[in-house]
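**Student:** The sequence shown lines up with residues 2 to 340 when you count with the numbering used here.
Every residue gets a Cβ at the ideal spot worked out from N, C-alpha and C, and that includes glycine.
Bear in mind that the values here come from a model prediction, so they are computed numbers and not experimental data.
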Amino acid sequence: MIRLNQLTKTYGNKHKQTTALQNLDLTITQGEIFGIIGHSGAGKSTLLRSINLLERPTSGEVWFGDTNITALSEKELQHVRRKMGMIFQHFNLLSSATVYDNIAFPLRLVRTPKEEIEQKVSNLLKLVGLEEHRNKYPAQLSGGQKQRVGIARALANDPQVLLCDEATSALDPQTTNSILRLLLDINKQLGITIVLITHEMHVIQTICDRVAVIHDGNIVEQGPVTEVFLKPEHRVTREFIREENENAELLDAIIESLPTNDHAQVVKINFLGTSTYEPILSVIVQTTGVSFAILQGTIATMKDTPYGQLIVRFEGSQEALERTYRMIESQVHELEVIR
Ligand SMILES: Nc1ncnc2c1ncn2[C@@H]1O[C@H](COP(=O)(O)OP(=O)(O)OP(=O)(O)O)[C@@H](O)[C@H]1O
Numbered sequence: 002m003i004r005l006n007q008l009t010k011t012y013g014n015k016h017k018q019t020t021a022l023q024n025l026d027l028t029i030t031q032g033e034i035f036g037i038i039g040h041s042g043a044g045k046s047t048l049l050r051s052i053n054l055l056e057r058p059t060s061g062e063v064w065f066g067d068t069n070i071t072a073l074s075e076k077e078l079q080h081v082r083r084k085m086g087m088i089f090q091h092f093n094l095l096s097s098a099t100v101y102d103n104i105a106f107p108l109r110l111v112r113t114p115k116e117e118i119e120q121k122v123s124n125l126l127k128l129v130g131l132e133e134h135r136n137k138y139p140a141q142l143s144g145g146q147k148q149r150v151g152i153a154r155a156l157a158n159d160p161q162v163l164l165c166d167e168a169t170s171a172l173d174p175q176t177t178n179s180i181l182r183l184l185l186d187i188n189k190q191l192g193i194t195i196v197l198i199t200h201e202m203h204v205i206q207t208i209c210d211r212v213a214v215i216h217d218g219n220i221v222e223q224g225p226v227t228e229v230f231l232k233p234e235h236r237v238t239r240e241f242i243r244e245e246n247e248n249a250e251l252l253d254a255i256i257e258s259l260p261t262n263d264h265a266q267v268v269k270i271n272f273l274g275t276s277t278y279e280p281i282l283s284v285i286v287q288t289t290g291v292s293f294a295i296l297q298g299t300i301a302t303m304k305d306t307p308y309g310q311l312i313v314r315f316e317g318s319q320e321a322l323e324r325t326y327r328m329i330e331s332q333v334h335e336l337e338v339i340r
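(1) Return yes when the Cβ of A21 is within less than 7 Å of the Cβ of H216, no when it is not.
(2) Examine the Cβ distances between the region 197–211 and the region 160–179 and report whether three or more of them are shorter than 8 Å.
(3) Closest by CA to T325, which one among T299, A265, A301?
(4) Can you give me the C-alpha to C-alpha distance between Q161 and Q319, rounded to a whole angstrom?
(5) Grab me the residues of A98's own chain with a C-beta within less than 6 Å of its C-beta, minus the 5 sequence neighbours each way, in chain order.
(6) Ligand 1 and G61: does any heavy atom of the ligand fall closer than 6 Å to the residue's C-beta?
(7) Ends of the beta strand (DSSP E) at R314?
(8) Can you find a heavy atom of ligand 1 that lies under 6 Å from the Cβ of Y308?
(9) Which stretch, first to last residue, makes up the beta strand (DSSP E) that contains K10?
(10) Determine the direct distance from the alpha carbon of E323 to that of F293, and round the result to whole angstroms.
(11) Heavy atom of ligand 1 less than 6 Å from the Cβ of K115, yes or no?
(12) Considering only their Cβ atoms, is the gap separating Q310 from L252 smaller than 7 Å?
(13) Under 6 Å from any heavy atom of ligand 1, does the C-beta of S46 make it?
(14) Do G36 and ligand 1 come close, with the Cβ less than 6 Å from some heavy atom?
(15) Is I104 closer than 7 Å to A153 when the C-beta atoms are compared?
(16) Is the separation between the beta-carbon of S258 and that of V333 shorter than 7 Å?
(17) Look at the alpha carbon of L184 and the alpha carbon of Q148, and state the distance between them as a whole number of angstroms.
(18) Can you tell me the Cβ-Cβ gap for L8 and S51, rounded? I've got them flagged as a contact below 8 Å.
(19) So what's G145 in DSSP terms, helix, strand or just coil?
(20) State yes or no: is the C-beta of S41 nearer than 6 Å to some heavy atom of ligand 1?
(21) Is the beta carbon of V212 sitting closer than 7 Å to the one on V229?
(22) Can you check DSSP and say which residues form a bridge with D166?
(23) Mind checking T68: buried by the 16 CB within 10 Å criterion, or exposed?
(24) Using the beta-carbon count (16 or more within 10 Å), is E222 buried or exposed?
(25) Does ligand 1 have a heavy atom nearer than 6 Å to the CB of T238?
(26) Could you give the first and the last residue of the continuous beta strand (DSSP E) run that contains S60?
(27) Tell me where the beta strand (DSSP E) around D26 begins and ends.
(28) Is the Cβ-Cβ distance between V313 and I295 less than 7 Å?
(29) Relative to ligand 1, is the shortest distance from any of its heavy atoms to the C-beta of Y12 smaller than 6 Å?
(30) Take P107 as the anchor and find which of E77, Y138, G151, N188 has the nearest alpha-carbon.
(31) Going along the chain, which unbroken runs of the beta strand (DSSP E) with 3 or more residues stay wholly within the region 258–293?
(32) State buried or exposed for L336, treating a residue as buried only when at least 16 other CB atoms are found within 10 Å of its CB.
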């Protein structure tokens, strides 16, 4: 649905230049929630703003469906841009307009009849749960409510795509989750493709189907969230995942301090899907006779898929350990001996 082809964006003049994107290729499929994660300065905003050409690439093409929109005139582009709603980290609402008028704004711009505006804005207020707040001004709303207005406004012209520029970065964790749930509902109910940029793996893990990791203006890794999360290939991806684990350093220190030899090993086990909830370890060790201590355990979901990770120290004969690993491997997503 969206295809970026060899996209390069260079800022500056002939004396000083910054290359924000370099020969970047990316394809986003209709109906998916696609996340782009990267550190500050990696090129996320430039990439997102290139999709609707708020940022014009220095070279390369942006395709929307069958149209190379980089080849369109500014007037033709306005028409295409209406099919792409956008929401922002700091909401960008009109402070002197009510909630109702903020949402009605893009409809008035395209001269929508008054009754239709009333109907549409009422439906949107209902969708984002702000019916009681229609006559309030942005200053009277919480951050989460402001973002709901931003979302309603972005949906006013029935877009096919919603571009989200760090939409939850200014919100507390609980409000972040409620906005993410709303985005998920919008994707499911309205079938709108969502492209979001973030620097938080949590956001990707909660709602995205696929993820691309951007670093120094290029995509260094991409794929379904479960694959990238469970088998990160690139250093930057591993760093993002590690940042999610508040106790990563403590765990490293514990593992480091434990004596390990052929009879005692530390193993990482990843569970995915329903196996996450099953007593696999306790059943298997009864057969193989090894003992174990759990050093760390995590349970979460990746979008709708349950996911768990255990860091376990096993003790037993080499033969018993290997037999244990083989039996566990046949029932879980993967097992890795880490020390
Ligand atoms: N208008 C501009 N003029 C000059 N350089 C720019 C401009 N916009 C971005 N840059 C530079 O391009 C690079 C990528 O910036 P971009 O804002 O796309 O990164 P980002 O990943 O979104 O960062 P952040 O998370 O901090 O917003 C950075 O080195 C930045 O300094």
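**Tutor:** In short:
(1) no
(2) yes
(3) A265
(4) Roughly 57 Å between the two C-alpha positions.
(5) If we look at A98 and ignore the five residues flanking it on each side, it has no Cβ neighbours.
(6) no
(7) 306–316
(8) no
(9) 3–13
(10) Between the alpha carbons of F293 and E323 lies a gap of roughly 14 Å.
(11) No.
(12) no
(13) yes
(14) no
(15) A153 is a Cβ neighbour of I104, given a cutoff of 7 Å.
(16) no
(17) 11 Å
(18) 6 Å
(19) Reduced to three states, the DSSP call for G145 is helix.
(20) Checking the Cβ of S41 against ligand 1 gives yes.
(21) yes
(22) BP columns for D166 point to F89, I198.
(23) exposed
(24) buried
(25) For T238, the CB stays at least 6 Å from every heavy atom of ligand 1.
(26) Note, S60: beta strand (DSSP E), 60–65.
(27) 18–29
(28) yes
(29) yes
(30) G151
(31) 265–273
(32) buried
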